[in-house]
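Participant: Positions 1 to 401 (full-length UniProt numbering) are the ones given, in order, by the sequence shown. No residue lacks a Cβ here, since even glycine has one placed at the ideal position from N, Cα and C.
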Amino acid sequence: MAPKVRQVKVHVPATSANLGSGFDTVGLALDYHDELTFTVTDGSAASAVAADTGVAADANGTGIARSGSDGATRGALGSGEGAGSVDFGFGNAHGSADTSAHVIIHGEGERTLPRDETHLVVSTFRRACRTFGLRRFGFTLEAWNAIPQARGMGSSAEAIVAGIAAAAAFAQGSADLNRNAIFDLAATIEGHPDNVAPAVYGGLTVSWDFETAEGVGSVAIDGAEPMQSGFHSVSYEVDSAIAVTIFIPDFELSTESARQAIPKKIAHKDAVFNVSRATLLPAAMNPNTVAWSGNVPTSSSSEALAKRSNQLLFAATEDRLHQAYRAALMPESAALIDKLRAQGFAAAVSGAGPCVLVLHYDDSGESAQRIDAVAAEELTGGHWRVLHLPVSSNGVVVELQ
Numbered sequence: 001m002a003p004k005v006r007q008v009k010v011h012v013p014a015t016s017a018n019l020g021s022g023f024d025t026v027g028l029a030l031d032y033h034d035e036l037t038f039t040v041t042d043g044s045a046a047s048a049v050a051a052d053t054g055v056a057a058d059a060n061g062t063g064i065a066r067s068g069s070d071g072a073t074r075g076a077l078g079s080g081e082g083a084g085s086v087d088f089g090f091g092n093a094h095g096s097a098d099t100s101a102h103v104i105i106h107g108e109g110e111r112t113l114p115r116d117e118t119h120l121v122v123s124t125f126r127r128a129c130r131t132f133g134l135r136r137f138g139f140t141l142e143a144w145n146a147i148p149q150a151r152g153m154g155s156s157a158e159a160i161v162a163g164i165a166a167a168a169a170f171a172q173g174s175a176d177l178n179r180n181a182i183f184d185l186a187a188t189i190e191g192h193p194d195n196v197a198p199a200v201y202g203g204l205t206v207s208w209d210f211e212t213a214e215g216v217g218s219v220a221i222d223g224a225e226p227m228q229s230g231f232h233s234v235s236y237e238v239d240s241a242i243a244v245t246i247f248i249p250d251f252e253l254s255t256e257s258a259r260q261a262i263p264k265k266i267a268h269k270d271a272v273f274n275v276s277r278a279t280l281l282p283a284a285m286n287p288n289t290v291a292w293s294g295n296v297p298t299s300s301s302s303e304a305l306a307k308r309s310n311q312l313l314f315a316a317t318e319d320r321l322h323q324a325y326r327a328a329l330m331p332e333s334a335a336l337i338d339k340l341r342a343q344g345f346a347a348a349v350s351g352a353g354p355c356v357l358v359l360h361y362d363d364s365g366e367s368a369q370r371i372d373a374v375a376a377e378e379l380t381g382g383h384w385r386v387l388h389l390p391v392s393s394n395g396v397v398v399e400l401q
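1. Where does the unbroken alpha helix (DSSP H) through G163 begin, and where does it stop?
2. For the 8 Å Cβ check, are there 3 or more pairs between the segment 348 to 364 and the segment 247 to 258?
3. Can you tell me whether DSSP reads V238 as helix, strand or coil?
4. Give the DSSP bridge partners of residue 404, in chain order.
5. If you compare alpha carbons, which of E158, A243, R136 and P3 is closest to P13?
6. Name the residue from W208, S257 and E256 whose alpha carbon lies nearest to the alpha carbon of S235.
7. Is the distance from the Cβ of L281 to the Cβ of V103 below 8 Å?
8. Which residues bound the beta strand (DSSP E) around V386?
9. Fully enclosed by the UniProt domain "GHMP kinase C-terminal" (304 to 370), which beta strand (DSSP E) runs are 3 residues long or longer?
10. DSSP state of L253, grouped into three classes?
11. Please report the distance separating the alpha-carbon of A324 from that of N195.
12. Helix, strand or coil for S302? Go by DSSP, reduced to three states.
13. Whose C-alpha, out of A17, K9 and G22, is nearest the C-alpha of D34?
14. Alpha carbon to alpha carbon, what distance is there between R326 and T118?
15. With three or more beta-carbon pairs closer than 8 Å as the criterion, would you say the segment 122 to 140 touches the segment 150 to 170?
16. Exposed or buried, which one is E190 when buried takes at least 16 other CB atoms within 10 Å?
17. What do you get for D362, buried or exposed, if any count of 16 or more other CB atoms within 10 angstroms of its CB means buried?
18. With a threshold of 6 Å on Cβ separation, who are the neighbours of S367 within its own chain once the five nearest residues in sequence on each side are excluded?
19. Using the Cα positions of A393 and A150, report the straight-line distance between them to the nearest angstrom.
20. What is the DSSP secondary structure of A42, counted as helix, strand or coil?
21. Quick check on DSSP: helix, strand or coil for T245?
22. How would you call P287, buried or exposed, if buried means at least 16 neighbouring beta carbons within 10 angstroms?
23. Under the rule that 16 or more other beta-carbon atoms within 10 Å means buried, what is S156, buried or exposed?
24. Tell me the rounded alpha-carbon separation between L321 and N180.
25. Could you give the DSSP three-state label for V397: helix, strand or coil?
26. Can you tell me the Cα-Cα spacing of M285 and L313, whole angstroms?
27. Near L36, what residues of its chain come up, given a Cβ to Cβ distance below 6 Å and the 5 sequence neighbours on each side ignored?
28. Which of helix, strand or coil does DSSP assign to A150?
29. Just the C-alpha distance for S85 and A2, rounded to the nearest angstrom, thanks.
30. Go ahead and pull the three-state DSSP assignment for S233.
31. Would you call the segment 333 to 348 and the segment 367 to 380 touching, i.e. three or more CB-CB distances under 8 Å?
32. Please report how far the alpha carbon of A192 lies from the alpha carbon of H232, in whole angstroms.
Structure representation (structure tokens):
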């Protein structure tokens, strides 16, 4: 079928995965976005008003997202040439229409990213269009990139989610995204759901890849339906006082290189250590829901809450699974993390690195100032920049033009 609108604008947040203890599982959306505009260019005018596709879109994407095949995703988005599909006369394989992609890049990656079909946004968009039943058509992609490339802030996840969300909007003719279907395809393409989940849903996410146990039927003996195999994600609320400081170096580190540095076997005690820390993360990110126990300050003041919250964040971001093994690939990042943690700040590698993330409960802004002061003592080379960001409660957003 043909696209149902002429132009789609996509906003995708930066993300940080792992957060120390939650290796390959936890992700966080940051209020720092790339903006991409897709414009049909093959000479045909698409109606700006989409026909009713009969799609029951999940605008909020709440609950557990279920993964399946590309075919299942296609069905979820209601693609195909059946009822509700409108042909606006776009060129086909036998026509003369230009079906190529033209890429314009501003900001991050403007000197290094490809401007043809090999661009990750373009290749993902093409795959998603096929999945959703859209015919090939020419378009211009204009990207305003704020997210640094290959630094651990989710640039690859952003590209994948942007391409899929745009294709879904062209197929549906609607800005109401079926987020579960987008997550399904994005996680399948990326292979690791920890970055794509917050890019799709926003906030704090915990994701996993589930394989149905051998011999388990479609319905258990007690009548409960087992979870389907594939990628899944759940979302958690984040307190508005939780802030993020990101230190960004001027050098890159490939995710592949970072993964190769991790041993294939780890000690059981290290696995237990990370499980105990990772399970703290949802509580540490929303401390007002925590029933305090142990050595708790008697004062109920905001200062006492901030102190206890930052202590929880510090514990929740401890790690023994991946960061120490990757330290040799980014010694400056590792030294900065050590310096910050020695002062009690919840610092960790952002994603695969080399960016450094610091989580802090900061309702007054004082924590950010202290973090900057400590970092300034370590970062004397002058090739780092710093961002102070809130958490983004929203994932990918599209606008129809």
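Facilitator: In terms of the structure at hand:
1. Here residue 163 corresponds to residue number 163 of the sequence shown, with the count starting at 1. Boundaries of the alpha helix (DSSP H) harbouring G163: S155 to Q172, taken from the DSSP string.
2. Pairwise C-beta distances place the segment 348 to 364 in contact with the segment 247 to 258, as three or more of them are shorter than 8 Å.
3. In the sequence shown, the residue the question calls residue 238 occupies position 238. Coil at V238, not helix or strand.
4. Shown here, the chain extends from 1 to 401; a query on residue 404 therefore has no answer.
5. As a first step, residue 13 must be located in the sequence shown, where it is residue number 13. It is E158.
6. Translated into positions along the sequence shown, residue 235 becomes position 235. Nearest C-alpha to S235: W208.
7. If you number the sequence shown from 1, residue 281 lands on position 281. If you number the sequence shown from 1, residue 103 lands on position 103. When the beta-carbon positions are compared, L281 and V103 stay at least 8 Å from each other.
8. For the purposes of this step, residue 386 is identified with residue 386 of the sequence shown, where counting begins at 1. Segment W384 to P390, the beta strand (DSSP E) holding V386.
9. Under the rule that a run must span 3 or more residues, the beta strand (DSSP E) segments found entirely inside the UniProt domain "GHMP kinase C-terminal" (304 to 370) read 346 to 349 and 356 to 361.
10. The residue labelled residue 253 in the question sits at position 253 within the sequence shown. L253: coil per DSSP, three-state reduction.
11. The residue you call residue 324 lines up with position 324 of the sequence shown. The residue you call residue 195 lines up with position 195 of the sequence shown. Cα to Cα, A324 sits roughly 21 Å from N195.
12. Walking along the sequence shown from the start, residue 302 turns up at place 302. For S302, the secondary structure class from DSSP, reduced to helix, strand or coil, is helix.
13. For the purposes of this step, residue 34 is taken as residue 34 along the sequence shown, with counting starting at 1. Per the Cα distances, K9.
14. As a working note, residue 118 is residue 118 in the sequence shown. As a working note, residue 326 is residue 326 in the sequence shown. If you take the alpha carbons of T118 and R326, they lie about 29 Å apart.
15. A contact exists between the segment 122 to 140 and the segment 150 to 170.
16. Here residue 190 corresponds to residue number 190 of the sequence shown, with the count starting at 1. Buried, because 16 or more other Cβ atoms sit within 10 Å of the Cβ of E190.
17. For the purposes of this step, residue 362 is identified with residue 362 of the sequence shown, where counting begins at 1. Around the beta carbon of D362, 16 or more other beta carbons sit within 10 angstroms, so the residue counts as buried.
18. The count along the sequence shown starts at 1 and reaches residue 367 at position 367. Cβ neighbours of S367 beyond the five flanking positions: H360.
19. As a position in the sequence shown, residue 393 is number 393, starting the count at 1. As a position in the sequence shown, residue 150 is number 150, starting the count at 1. With the sequence shown as reference, residue 393 is identified as Ser, and Ala is not the correct amino acid for it. Looking at the two C-alpha atoms, the distance is approximately 24 Å.
20. On the sequence shown, residue 42 is found 42 positions in, with the first residue counted as 1. Contrary to the premise, residue 42 reads as Asp rather than Ala in this sequence. Reduced to three states, the DSSP call for D42 is coil.
21. For the purposes of this step, residue 245 is identified with residue 245 of the sequence shown, where counting begins at 1. Three-state result, T245: strand.
22. Mapped onto the sequence shown, residue 287 falls at position 287. P287 comes out buried.
23. Translated into the one-based positions of the sequence shown, residue 156 becomes position 156. With 16 or more other Cβ atoms from the protein chains shown falling within 10 Å of its own Cβ, S156 counts as buried.
24. Counted from its first residue, the sequence shown places residue 321 at position 321. Counted from its first residue, the sequence shown places residue 180 at position 180. If I take the Cα positions, the gap works out to 29 Å.
25. On the sequence shown, residue 397 is found 397 positions in, with the first residue counted as 1. Note: V397 maps to strand in three-state DSSP.
26. Taking the first residue of the sequence shown as position 1, residue 285 is located at position 285. Taking the first residue of the sequence shown as position 1, residue 313 is located at position 313. In this structure, the CA atom of M285 is about 7 Å from the CA atom of L313.
27. In the sequence shown, the residue the question calls residue 36 occupies position 36. Excluding sequence neighbours, L36 sits near V10, A143 and A162.
28. Taking the sequence shown and counting its residues from 1, one reaches residue 150 at position 150. In this structure, A150 counts as coil in the three-state DSSP scheme.
29. Indexing the sequence shown from 1 puts residue 85 at position 85. Indexing the sequence shown from 1 puts residue 2 at position 2. Per-residue confidence for S85 stands at a pLDDT of 34, beneath the threshold of 50, marking its modelled position as unreliable; no derived number is given.
30. One-based indexing of the sequence shown puts residue 233 at position 233. The DSSP-derived three-state label of S233 is strand.
31. Remark: three or more beta-carbon pairs, one from each stretch, lie closer than 8 Å, so the segment 333 to 348 and the segment 367 to 380 are flagged as touching.
32. Translated into the one-based positions of the sequence shown, residue 192 becomes position 192. Translated into the one-based positions of the sequence shown, residue 232 becomes position 232. One point to set straight first is that residue 192 is His, not Ala, in the sequence displayed. Looking at the two C-alpha atoms, the distance is approximately 11 Å.
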